[in-house]
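Heads up, the sequence shown is in my numbering, so the first residue is 4 and it goes up one at a time. The beta carbon of each residue, even a glycine, is placed where N, CA and C say it ideally should be.
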Amino acid sequence: RLDSLLSFSEQHGLNSGRNAWILKPSSGARGENIHVMRDFNKILKVSQDSTCHWICQKYIEQPQLIHGYKFDIRQWVLVSAWNPMKV
């Protein structure tokens with residue numbers, strides 16, 4: 004649960020607690036229903052008052068750039084067994 008991160012999150016204390024957090028539905032696409040927030044209590048309220056599952060990630064203020072552009076690396080794996088997990 005997100006509220007359990009409050010006690011030990013190193014990221015929360017960075018930037019004097021003024022970090023930006025991105026909250027989006029786990030099943031979403033096309034940038035719909037995305038929130039950018041700074042307050043953990045607001046993040047908890049939005050995520051707990053909803054019927055869907057949410058992903059919360061810290062906005063990176065100084066991302067690694069390649070030729071001036073932000074990028075991400077997405078890796079897909081095949082999970083062939085769940086218990087024990089085999090990838």
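Shown here, I63 sits in coil according to DSSP, grouped into three states, outside any helix or strand. A Cβ-Cβ separation of about 7 Å places R41 in contact with W24 under the 8 Å criterion.
Here DSSP, grouped into helix, strand and coil, assigns I76 to coil. The C-beta distance from L26 to I46 rounds to 6 Å, short enough to meet the 8 Å contact threshold. Taken through DSSP and simplified to helix, strand or coil, I37 comes out as coil. Distance between H38 and P87, taken at the CA atoms: about 36 Å.
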